[in-house]
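Since the structure comes first, as structure tokens, the remarks are kept for the end.
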Amino acid sequence: MMIKKLFCCPASIFSMVSIIGLLSCDEVNNNSDTQSPVIQISSPIINSTLSEPTLIQLDATDNDGIAMIEILIDGHRIGRLINSPWEYLWQVSFYADGEQHNVEAKAIDHSGNIGQSDIIKVFVPFVAQSAPKILSPDDQKFITNSNQVELIWSTFPGAVEYNIMVFSDINNSNVEYFLTTSDTVITINQTAEGRQFWKVQPKNSGIKYGAWSDIKSFYYGNTVNDIDGNTYLTTVINGQEWMAEDLRVSRYQNGDPITNAIANEEWNGIEIGAYSWYNNINDSTKGYGSLYNWVAMVDSRNIAPEGWHVPSDEEWQNMVDYLSGKSVAGGKIKEVGTEHWVHFNIGATNESGFTAIPGGYRKNDGTFRNRGSYGYYGTTTESTEQSSWYWKVQYDGRDLYRYNLDKQSGFSVRCLKD
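For the sequence shown, our numbering begins at 2 and goes up steadily by one.
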């Protein structure tokens with residue numbers, strides 16, 4: 002059975018964030034405060050048995066004020082708090098393995114000082130399980146070169162049927178599939194571009210429904226190779242196929258090398274196409290790409306893979322308009338979580354599948370700035386004779402910004418299919 006476009010309750014996915022160090026000197030004033038926050042867990046108490054969703058309650062104080070609290074289970078972050086009361090509803094069902102688990106919390110003040118609570122050990126019995134577990138695909142997985150995906154979830158005790166909901170909006174407002182099956186696996190066809198969300202609900206032999214599972218997501222995409230043999234995931238946004246990873250090629254399409262300008266003196270004032278790695282360290286295995294100057298982006302030999310090109314400012318603007326404008330588009334293209342972000346990553350949903358990361362940029366004097374905080378994406382469009390347009394995502398919000406800088410600056414590049 003398939004039902005299209007049902008009404009359903011809103012749901013949200015919040016990114017889990019952490020602070021690793023202070024902001025760069027360009028972004029925040031220095032602060033001499035070195036006193037760590039004091040944080041304690043008031044509930045649950047040690048050696049509790051938890052069979053239902055449990056409210057973790059915390060007491061935290063600091064002379065500089067609390068900026069954020071992270072909740073950790075067995076050393077892994079499960080959530081964050083940025084406002085009091087310091088309470089977090091823990092869904093214990095996903096820890097229902099009949100074992101002890103460690104509950105702890107970290108408080109971060111506005112100066113970046115970190116305080117840590119004592120560890121509270123609790124017991125979560127098997128009976129605490131209250132929803133199926135989604136098994137496959139992995140959360141935020143790219144489904145490449147296929148318009149079908151196999152959804153798999155765990156068997157739920159007592160369930161005879163399962164409802165499966167697939168939707169293309171993080172707020173549940175665009176339901177693509179609503180299916181009922183007695184199996185724990187189902188194959189669906191692609192109905193929308195970009196990121197897809199899904200969840201499962203069990204039904205017993207009577208008329209009672211269990212809780213919905215956590216929401217997971219996946220993307221439909223393809224792959225493309227550059228002349229160096231690097232493979233990139235792609236995503237479709239408004240009928241246009243974009244790279245979902247930063248470009249890291251070292252040669253033009255005809256095989257000519259792109260100048261790798263390493264020294265600051267070499268980068269400063271260079272008038273030919275050039276690229277570099279951030280801090281001249283090749284860390285492509287960590288997901289980062291290279292930084293390219295404007296001359297390289299517009300070179301007729303083309304730094305993009307065959308059949309692709311570096312987008313213009315207008316092409317970026319078209320994508321932004323489709324994603325509802327600059328005030329929200331940044332969140333819709335930003336990578337979720339904090340794998341590449343050293344500060345907050347607020348408002349990230351990546352519902353487009355673009356997966357923008359904070360690769361920083363290289364100034365025209367050769368120095369490097371803002372890796373981990375900002376992502377700068379270059380275009381082929383001049384703003385003046387000396388400068389070109391670029392687009393910027395930030396750690397602290399969902400806005401997407403459009404600025405111009407000297408053409409000798411080095412930016413990340415996302416290519417667009419012809």
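All C-beta atoms in this analysis are idealised placements derived from N, C-alpha and C, irrespective of residue type, glycine included. None of the values given here were measured: they were computed from a predicted structure.
In the DSSP assignment, the residues bridged to Val-125 are Glu-100. Around the beta-carbon of His-77, fewer than 16 other beta-carbon atoms lie within 10 Å, marking it exposed. Per DSSP, the unbroken beta strand (DSSP E) holding Asn-190 starts and ends at 186 to 190. In this structure, Pro-133 is the residue among Val-337, Val-39, Pro-133, Glu-71 with its C-alpha nearest to the C-alpha of Ala-97. Glu-352 and Asn-103 have their alpha carbons spaced roughly 33 Å apart.
The residues Ile-153, in chain order, have a CB closer than 6 Å to that of Val-186 in the same chain once the five nearest residues on each side in sequence are set aside.
Ala-106 sits buried, since 16 or more C-beta atoms from the chains shown fall within 10 Å of its C-beta.
Excluding five sequence positions before and after Trp-268, the CB atoms of its chain that fall closer than 6 Å to its own CB belong to Ala-262, Gly-367, given in chain order. When the alpha-carbon of Ser-251 is set against those of Asn-226, Phe-219, Val-201, Pro-359, the nearest one is in Asn-226.
The count of Cβ pairs closer than 8 Å, one atom from the stretch 395 to 407 and one from the stretch 332 to 340, reaches three, so the stretches are in contact. Non-local beta-carbon contacts of Met-320 in its own chain, meaning distances under 6 Å to residues more than five positions away in sequence, involve Ile-238 in chain order. In summary, Tyr-391 is buried, with 16 or more beta-carbon neighbours lying within 10 Å of its beta-carbon over all protein chains present. Judged by DSSP secondary structure, Asn-319 falls within the alpha helix (DSSP H) whose first and last residues are 314 to 323. If you ignore the 5 residues before and after Arg-372, its C-beta comes within less than 7 Å of the C-beta of Tyr-279, Pro-359, Gly-360, Gly-361, all in its own chain and listed in chain order.
In the three-state reduction of the DSSP assignment, Ile-120 falls in the coil class, being assigned neither a helical nor a strand state. Within the model, the alpha-carbon separation for Ser-218 versus Ile-171 is close to 9 Å. One Cα belongs to Phe-198, the other to Tyr-178, and the distance between them is close to 10 Å. By a beta-carbon distance limit of 8 Å, Gly-411 contacts Arg-363. Their separation comes to about 3 Å. Secondary structure at Ser-85: coil, using DSSP grouped into helix, strand and coil. Burial of Gln-409 is indicated by the presence of at least 16 other C-beta atoms within 10 angstroms of its C-beta. Annotated three-state conformation of Ser-328 is helix, per DSSP. In the DSSP assignment, the residues bridged to Ala-108 are Ile-70, Gly-116. The DSSP assignment places complete alpha helix (DSSP H) segments of no fewer than 4 residues inside the stretch 274 to 319 at 295 to 299, in order along the chain. Beta-bridge analysis with DSSP links Pro-203 to Tyr-163. Per the DSSP secondary-structure output, His-77 pairs in a beta bridge with Ile-74.
For Glu-316, the closest C-alpha among the options Asn-281, Gln-241, Asn-190 is that of Gln-241. For Trp-268, the uninterrupted alpha helix (DSSP H) run begins and ends at 265 to 268, by DSSP.
Distance from the CA of Ile-347 to the CA of Ala-68, rounded to the nearest whole angstrom, comes to 13 Å. Between Ala-264 and Ala-297, the gap from beta carbon to beta carbon reaches 8 Å or more.
Membership of Arg-403 in the beta strand (DSSP E) is indicated by the continuous run 401 to 407. About 5 Å separates the CB atoms of Gly-331 and Asp-400; that is less than 8 Å, so the two are in contact. For Thr-50, the pairing in a beta bridge is given by DSSP as Phe-124.
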